[in-house]
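> Following this message is one structure expressed as structure tokens.
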Amino acid sequence: MRSDKNNSEQPADKSLIETPVSRRGLFAALAVAAGLGLLGAEDAFGWDYWGQNARINQGAWDMYGMINGKINCCRGRSNPTNQCMGWANDWTEWYAFRYAYVQILRYALNLQVECDYENELWFHLSFYPLTACGDTNYNPNGKRIWFAADHDNLGAIKEDEQENNIVTFDGNLTNEELGVGTGRHDTGWKHYQYHDTGKWYRRTSKDVSHRWCADLNIFNIYVEGVSHDETVDTLHSQTGWLTSTVKQTYLTSEDIQGIVCRVHAADDDSLNWDVGNASIKDCTGLFQQIFKGNYNQLFLTEFSKVRDDSYFDDWGPIPGFLTTFRPAHVADASCAVNALGGGPWDGKEFNHVANTQPFEINRAGVASRASAWWVTKAFSEGTPLFEDGAVAIISDASGLCVNRPNATQTRPFKLNLFHNGYKGGVAGDRASAWVVEEVPFTGSLSLNDGSKEIGADQTVTCSDPLLSCTPCHNWSDVKGNNGGTAVSDFMYRWYYADTDEVPLDCSGASIIGSCHLSNFGDMPDCPAYRHVGMNMSAKMCIEAISLRLDGSPWQGSICYSMLTKGGEWSDAAADGARIGEGGKSLRWSAIKVWLTGEVSQHFDLEVRAFNSNLSWTGGYVSGHDLDFTSVNGFGDLRGVNELRCVQVDLIPKPKGATVLREFSKGLRELSLTELELDSLSGRYLSCVVQQVFPTALRSGIDFDSPLVHRFHGSVSAGPVHVGGIKVVYHADGIDDESVVFTETAQAGPHTASDDATSAAIKTHCNLNDHFDEDPSTGFTGWFTDKGLTSPYGGSELSAGDELHLYSRNRLTLRCAFTDDSVDTTELVLRTSPESTAPLAESWSLPDFGLSDERHALDGIGLPAIGDDGPAHKALYLGESVTLARPMGRVYARMEDGTWAGFRAVAWLASQDSDSQMTKVTPTRDTCVYMRVERADYDGVSSTKN
26 MRSDKNNSEQ PADKSLIETP VSRRGLFAAL AVAAGLGLLG AEDAFGWDYW GQNARINQGA
86 WDMYGMINGK INCCRGRSNP TNQCMGWAND WTEWYAFRYA YVQILRYALN LQVECDYENE
146 LWFHLSFYPL TACGDTNYNP NGKRIWFAAD HDNLGAIKED EQENNIVTFD GNLTNEELGV
206 GTGRHDTGWK HYQYHDTGKW YRRTSKDVSH RWCADLNIFN IYVEGVSHDE TVDTLHSQTG
266 WLTSTVKQTY LTSEDIQGIV CRVHAADDDS LNWDVGNASI KDCTGLFQQI FKGNYNQLFL
326 TEFSKVRDDS YFDDWGPIPG FLTTFRPAHV ADASCAVNAL GGGPWDGKEF NHVANTQPFE
386 INRAGVASRA SAWWVTKAFS EGTPLFEDGA VAIISDASGL CVNRPNATQT RPFKLNLFHN
446 GYKGGVAGDR ASAWVVEEVP FTGSLSLNDG SKEIGADQTV TCSDPLLSCT PCHNWSDVKG
506 NNGGTAVSDF MYRWYYADTD EVPLDCSGAS IIGSCHLSNF GDMPDCPAYR HVGMNMSAKM
566 CIEAISLRLD GSPWQGSICY SMLTKGGEWS DAAADGARIG EGGKSLRWSA IKVWLTGEVS
626 QHFDLEVRAF NSNLSWTGGY VSGHDLDFTS VNGFGDLRGV NELRCVQVDL IPKPKGATVL
686 REFSKGLREL SLTELELDSL SGRYLSCVVQ QVFPTALRSG IDFDSPLVHR FHGSVSAGPV
746 HVGGIKVVYH ADGIDDESVV FTETAQAGPH TASDDATSAA IKTHCNLNDH FDEDPSTGFT
806 GWFTDKGLTS PYGGSELSAG DELHLYSRNR LTLRCAFTDD SVDTTELVLR TSPESTAPLA
866 ESWSLPDFGL SDERHALDGI GLPAIGDDGP AHKALYLGES VTLARPMGRV YARMEDGTWA
926 GFRAVAWLAS QDSDSQMTKV TPTRDTCVYM RVERADYDGV SSTKN
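26 is the number of the first residue of the sequence shown in this note's numbering; add one for each residue after it.
Printed below as a string of structure tokens:
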């Protein structure tokens, strides 16, 4: 007997996924992997179950919910839960009248469908078309026998449609072992001749139902050994349709496209995916990290080809994509982790026990399935592994999972491809549980070892990211073992600003993007630094796009415009508004992106664009409150090649900062020119650092062009103050305590600061004409010398200068009689109460204008103020004056003939004061008083009546 698979002859250039595998060859490959061996049908559990209960005319039958349920494997473990189904027809009979006797020929058809192997990506279904035949013979001398030749009595297994024959078989019938004799004789079920009937079914991103039936046509019937040709096509039998569902795989919902990820064992964080022992072939310029422990946990990720001739079309939507794991320590972007020992379905090295071939880092060809992986959520909800984000990483070539056979925390065995091939797959196998997480560039950096200020001749140096940032912490050792070549590079961008603010990170802000792709549809929202669009297929071009800010603590907008293929810019859109429309065959070539509002004071942008035939272009958008005309576009600015992917990321900066030096690998140390030093004097420098990958070999337009060129994240260092021209303002003194204001001036023309003047002026300090006014008018202005002889009207400053300016407040001291003072100007005053006593002078206030004017403070003589006069004197704030106090008494004869005595009380701080003083140190415009009062004599009251 022989079976034939439909369309078994495939052209040599067909992809692996379309390559047929014979049923017999498959079972040879599965002999150990699935624990099956080459089983005869008489040993098949499903057959045993059905055969022991066989009854003609049963119709549909089922074992453990396969019919109208989900297909699962029944043989991959001990004590299997047998899962099969079938349909048995009753006898189909034909009456042959020969001479005087009748011979009744009969046969029955039973289809058994069984899943005999599964893994995370594949099911294999075996179809057993079972037959029974017999006869009832009334001729005692006749031959009770069925005869058939090859290719006679043809049968078929049909799938979904009546005309779709997926397997054909020879339905030849014989009951010759029954011998001769009258009566009824039946053969029982014949099943062993139909082993080579089966088909592979691949899981998809959704459940897919199929139905099957068996069909048998009897072409040649022999009666008493003679061909009964006139009955050709007389007998035909077909079972009913059996339906079951190919269960979907569990795709992870996490979008890992365009990020750098770390892959580690879910049940032990120390057991990282170690490719340190991986062999390296067909590539150059590799930086393999093999120094100390697990430095090999970082991988670039990029999706491989999808939705083209190499793969099925029903694996969408996102995240149904193949992933290529590209080691971050390999400079050649075309190199990827390969599972060459794991398939494809060619019958070689399929055994998970014996498969000890190491993983390899190989060139990832466009059609290579050995470097293509599925990341699937293969762990049940509610389990600890599911909650930890555990996934299974599965080879597209074989469907086998990356596994650590027999691994424990103390015995982290090397990786193999592994699968038990049973119902539920590796859901309970903790050695196949992995966590894929994004690795950002984080850490802390300083400038000049934390110095707060630099001088005129100093350079500025950022600290070494290898020592204080992750994931590169202590990679300096790795660098030493690679002959001094680092496994990654660092880019440095320098800013200057007027304030000392330096952001730690993006403060929770991000950019979210979405788009519509041709031949694909809408992509869901994702962080725009990963990918808006895809770069792996020329069939998928951006037709519409939108960007929006998310989580920003500052007000503002993100704006964008698109260049059509043909060269015309669209109107600008903002904050999630869509440019373009899906399904209209629109094609774009370039994009502009910019920020407006307060958010633009805190962020710049990095923009990358991928065009067909051009690969990646990119750059930075820096500044604040930009518009369409002030920013550059990225992509094909000629409007020729289609735009396929866009990346946009935020770069944190000090508020309002300006770029001094653009990102560059050689800028860890910054030297300032004399001109720059002059312009930056008094400002603050900071540095933004990013970790990037070697790019010398990252070229090409398709598969060799990775989405990922750096770790996500920026680390800022600083600030450091540029020691500019220091101007120190002194008021009413010459030492540090007299400093009222300090400014850092720029090189060039300079005049005194108004703020300094405001800080220096004291209240109620005036010359006599403006006594006690406020605001004051007695400020001297600024001088370059402590003696106030060289007025400062401005100067030309140079880098490195330091200027001290001096000033003082002037005030007025006045003298006056109290309101209750006795007026003695009309009296004849004598030195004693006698008419013959000499005459005495009446008391008067001092005239300061009659004496020489001298001033000195802090041991320094000061210029004359020139405002002294009768009863008032001009002073510098802080000066003291000693006033002469009138002594003794004078007398005058009163109208009643009696003598009255008088005295002067001076100097009083107020009209009501009785306390006299001689030294006065005023702090503002001040008046001191003299009181003339009557003194006691011969019983006469001294007070004024």
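Yeah, the Cβ is synthetic: ideal placement off N, Cα and C, and Gly gets one too.
Measure the alpha-carbon distance for T621 versus F659 and round it to whole angstroms.
By 1-based counting over the sequence shown, the position of residue 621 is 596. By 1-based counting over the sequence shown, the position of residue 659 is 634. If I take the Cα positions, the gap works out to 19 Å.
> Return the first residue and the last residue of the beta strand (DSSP E) that A756 is part of.
Mapped onto the sequence shown, residue 756 falls at position 731. First-last of the beta strand (DSSP E) with A756: 750-756.
> By the DSSP assignment, the beta strand (DSSP E) with S837 in it spans what residues?
Your numbering for residue 837 matches position 812 in the sequence shown. Reading the sequence as shown, one finds Thr at residue 837 and not Ser. From DSSP, the beta strand (DSSP E) with T837 extends over 835-842.
> Could I get the ranges of all uninterrupted alpha helix (DSSP H) runs contained in the segment 590-656, with 4 residues as the minimum, in chain order?
Counting whole runs of 4 or more residues, the segment 590-656 contains no alpha helix (DSSP H) stretch at all.
> Is DSSP giving A785 helix, strand or coil here?
Position 760 of the sequence shown, counting from 1, holds the residue named residue 785. In this structure, A785 counts as helix in the three-state DSSP scheme.
> List the endpoints of the continuous alpha helix (DSSP H) containing V702.
If you number the sequence shown from 1, residue 702 lands on position 677. Correcting the residue identity first, residue 702 is Leu in this sequence and not Val. Segment 699-705, the alpha helix (DSSP H) holding L702.
> State the Cα-Cα distance for the pair S586 and T654, rounded to the nearest angstrom.
Position 561 of the sequence shown, counted from the start, is the residue given in the question as residue 586. Position 629 of the sequence shown, counted from the start, is the residue given in the question as residue 654. S586 and T654: Cα-Cα distance of roughly 11 Å.
> At the level of alpha carbons, what is the spacing between D799 and H789?
As a first step, residue 799 is located in the sequence shown; it is residue number 774 there, counting from the start. As a first step, residue 789 is located in the sequence shown; it is residue number 764 there, counting from the start. Each residue's Cα considered, the two are about 5 Å apart.
> With a cut-off of 8 Å on the beta carbons, I'd call L134 and N114 a contact; round off their distance for me.
Position 109 of the sequence shown holds residue 134. Position 89 of the sequence shown holds residue 114. Sure, about 5 Å apart at Cβ, within 8 Å.
> Return the CA-CA distance between T408 and F688, expressed in angstroms with no decimal places.
On the sequence shown, position 383 is the one that residue 408 refers to. On the sequence shown, position 663 is the one that residue 688 refers to. Whole-angstrom Cα-Cα distance: 46 Å.
> What do you get for H261, buried or exposed, if any count of 16 or more other CB atoms within 10 angstroms of its CB means buried?
One-based indexing of the sequence shown puts residue 261 at position 236. Classification for H261: exposed.
> Mind the definition here: the segment 692-708 touches the segment 544-554 only if three or more C-beta pairs lie below 8 Å; say whether that holds.
Counting Cβ pairs under 8 Å, fewer than three are found: no touch.
> With DSSP run on the structure shown, which of helix, strand or coil describes P344?
Looking up residue 344 in the sequence shown gives position 319. Note that P344 scores a pLDDT of 47, beneath 50, so its modelled location is shaky; the value from the coordinates is reported in the next line. Looking at P344 - three-state DSSP - the assignment turns out to be coil, as it is neither helix nor strand.
> Just list the beta strand (DSSP E) runs in the segment 224-248, keeping only unbroken ones of 3 residues or longer that don't cross its boundaries, in chain order.
Runs of the beta strand (DSSP E) inside the segment 224-248: 233-243.
> Does the Cβ-Cβ distance between M559 and F324 come in under 8 Å?
Translated into the one-based positions of the sequence shown, residue 559 becomes position 534. Translated into the one-based positions of the sequence shown, residue 324 becomes position 299. Taking 8 Å as the Cβ cut-off, M559 and F324 do not qualify as a contacting pair.
> Do R669 and C566 count as a contact pair if the criterion is CB distance below 8 Å?
For the purposes of this step, residue 566 is identified with residue 541 of the sequence shown, where counting begins at 1. For the purposes of this step, residue 669 is identified with residue 644 of the sequence shown, where counting begins at 1. It is a contact, given that the beta carbons lie within the stated cut-off.
> Please report how far the alpha carbon of F985 lies from the alpha carbon of G576, in whole angstroms.
Lying outside 26 to 970, the shown extent of the chain, residue 985 is not represented and no answer is given.
> What three-state label does DSSP hand F873 in the structure shown?
Here residue 873 refers to the residue found at position 848 when the sequence shown is read from its first residue. In the structure shown, F873 sits in a helix (DSSP, three-state: H, G or I).
> Roughly how many angstroms lie between the CA atoms of T349 and Q672, to the nearest whole one?
Position 324 of the sequence shown, counting from 1, holds the residue named residue 349. Position 647 of the sequence shown, counting from 1, holds the residue named residue 672. Distance between the alpha carbons of T349 and Q672: 19 Å.
> Hey, G605 and E631: beta-carbon distance below 8 Å or not?
Here the question's residue 605 lines up with position 580 in the sequence shown. Here the question's residue 631 lines up with position 606 in the sequence shown. For G605 and E631, no; Cβs fall outside 8 Å.
> Just curious, the beta strand (DSSP E) that R571 is in, first and last residue?
Within the sequence shown, numbered from 1, the residue matching residue 571 stands at position 546. With the sequence shown as reference, residue 571 is identified as Ser, and Arg is not the correct amino acid for it. Residues 567-575.
> Return no unless some Cβ of chain C is closer than 8 Å to the Cβ of S739.
Of the chains in the structure shown, none is chain C; there is only one protein chain.
> Three-state secondary structure (DSSP) at P496?
The count along the sequence shown starts at 1 and reaches residue 496 at position 471. If DSSP states are grouped into helix, strand and coil, P496 belongs with coil.
> Since A456 contacts S420 with CB under 8 Å, what's their CB separation in whole angstroms?
Here residue 456 refers to the residue found at position 431 of the sequence shown. Here residue 420 refers to the residue found at position 395 of the sequence shown. The pair is not a contact, with the Cβ atoms about 16 Å apart (cut-off 8 Å).
> Hey, out of G223, L651, L267, whose CA is closest to C238's CA?
If you number the sequence shown from 1, residue 238 lands on position 213. Minimum Cα distance to C238 is reached at L267.
> In terms of residue numbering, what span does the alpha helix (DSSP H) encompassing F411 cover?
Against the sequence shown, residue 411 aligns to sequence position 386. Unbroken alpha helix (DSSP H) run through F411: 409-412.
> Give me the Cα-Cα distance between A917 and F842, rounded to the nearest whole angstrom.
Numbered from its first residue, the sequence shown carries residue 917 at position 892. Numbered from its first residue, the sequence shown carries residue 842 at position 817. About 20 Å.
> Using the three-state DSSP reduction, which class does R686 fall into: helix, strand or coil?
Taking the first residue of the sequence shown as position 1, residue 686 is located at position 661. Correct three-state label for R686: strand.
> Nearest to V945 by alpha carbon, out of W924, K898, Y520, F927?
Position 920 of the sequence shown, counted from the first residue, corresponds to residue 945. V945 has its Cα closest to that of K898, out of W924, K898, Y520, F927.
> Give the DSSP-derived three-state secondary structure of S420 in the structure shown.
Along the sequence shown, read from residue 1 onward, the residue named residue 420 stands at position 395. In this structure, S420 counts as strand in the three-state DSSP scheme.
> Just to confirm, is the Cβ distance from D757 to N834 under 8 Å?
By one-based count along the sequence shown, residue 757 stands at place 732. By one-based count along the sequence shown, residue 834 stands at place 809. Result yes, Cβ atoms of D757 and N834 sit closer than 8 Å.
> Can you say whether M955 is buried or exposed, counting buried as having 16 or more other CB atoms within 10 angstroms of its CB?
What you label residue 955 is simply residue 930 of the sequence shown in a count that begins at 1. Looking at its Cβ environment, which holds 16 or more other Cβ atoms inside 10 Å, M955 is buried.
> Kindly give me the distance between the Cβ atoms of Y520 and T769, rounded to whole angstroms, as I take these residues to be in contact under 8 Å.
Start at 1 with the first residue of the sequence shown, and residue 520 comes out as number 495. Start at 1 with the first residue of the sequence shown, and residue 769 comes out as number 744. 18 Å between Cβ atoms; not a contact.
> Which residue wins for smallest C-alpha separation from R910, given the options H880, P888, Q941, L732?
For the purposes of this step, residue 910 is taken as the residue at position 885 of the sequence shown. The residue with the shortest Cα to Cα distance from R910 is Q941.
> Mapping the DSSP letters down to three states, classify L491 as helix, strand or coil.
To locate residue 491, count along the sequence shown from 1; it is residue 466. L491: helix per DSSP, three-state reduction.
> In whole angstroms, give me the CA-to-CA distance for E623 and S469.
Translated into the one-based positions of the sequence shown, residue 623 becomes position 598. Translated into the one-based positions of the sequence shown, residue 469 becomes position 444. Taking the straight line from one Cα to the other gives about 26 Å.
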